[in-house]
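Since the structure comes first, as structure tokens, the remarks are kept for the end.
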Amino acid sequence: MGTCKTSLPWGEGKTLLTYQIEQWLSVDFTPVVVLGLHNSQKQQDCPSDSLTVINPDASSGKTTSILTGLQNIPPDFDILAISAVDQPRKLTIYQKLISAHKTNLSLITAPTYHGKMGHPILLGNEMRSHLENIHENTLGLRQVIQDFHSVIYQVEFDNSAILLDINTPEIYREQLLKLKSPSQILIDDSGENHE
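Quick note on the numbering used here: the sequence shown kicks off at 3 and runs consecutively.
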């Protein structure tokens with residue numbers, strides 16, 4: 003995308019990183035925030051209720067961040083959520099997923115929209131050993147999802163927010179506009195948006 007996603011403004015006085023952490027804290031999760039070396043200075047932006055760890059090998063792929071995070075999670079966790087900074091979700095999405103996961107005692111719980119799986123993925127403690135054995139060259143987390151697809155509890159949502167992945171500047175600008183109320187946006191004759 004050409005810019006560091008953790009620092010992108012998201013809502014009033016927040017960044018994508020701080021927004022995500024606050025949402026997880028609001029549902030009584032303790033976020034383990036895995037930052038690459040290039041983002042190590044972002045530790046100071048993380049609330050004290052979260053745990054921040056540095057992945058010195060982040061350039062080798064997302065799998066290394068998942069493995070780094072797992073090393074810092076207590077062995078007796080009930081639910082593990084895997085959430086990316088570029089996939090911001092509202093609190094209500096997390097609440098619905100967590101409730102469904104607890105009610106159904108699922109190994110894996112995933113949100114869906116019209117049958118398409120989204121994020122975040124919730125995993126029960128029984129999945130830890132499978133996660134600890136992921137490798138970038140064997141699809142990483144995707145391999146676990148494929149192997150256990152038949153037992154994933156799918157929670158259907160009525161909007162596509164669970165599919166959002168901010169991978170381009172255009173998607174970011176579009177989503178940022180959706181966060182603002184119409185009274186804060188002026189569209190002039192040139193077709194450009196102004197705050």
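For glycine and all other residues, C-beta sits at the position ideal for the given N, C-alpha and C. Since we're looking at a predicted model, the values are computed, not measured.
| field | Asn41 versus Val35: straight-line alpha-carbon distance, rounded | value | 11 Å
| For Asn106, which three-state DSSP category applies? | helix
| task | For Met119, write down the residues that DSSP places opposite it in a beta bridge. | result | Thr114
| said: In the DSSP assignment, the alpha helix (DSSP H) including Thr66 goes from what residue to what residue? | reply: 64–72
| request: Find out if the Cβ-Cβ distance for the pair Val83, Pro122 is shorter than 7 Å. | output: As written in the sequence, residue 83 is Ala, which differs from the Val given in the question. Closer than 7 Å, so yes.
| message | Are the CB atoms of Ile136 and Thr65 within a distance shorter than 7 Å? | response | yes
| query | How would you write the range of the alpha helix (DSSP H) that Leu181 sits in, first residue to last? | reply | 171–181
| said: Rounded to whole angstroms, what is the Cα-Cα separation between Ile75 and Leu18? | reply: 22 Å
| task | Within 10 angstroms of the Cβ of Arg144, are there 16 or more other Cβ atoms? Answer buried if so, exposed if not. | result | exposed
| task | Please list, in chain order, all residues of the same chain as Arg91 whose beta carbon is under 6 Å from its beta carbon, the five residues on each side excluded. | result | none
| task | Give a yes or no on whether the C-beta atoms belonging to Leu124 and Ile173 are separated by under 7 Å. | result | no
| message | Tell me the residue span of the beta strand (DSSP E) that contains Leu82. | response | 81–84
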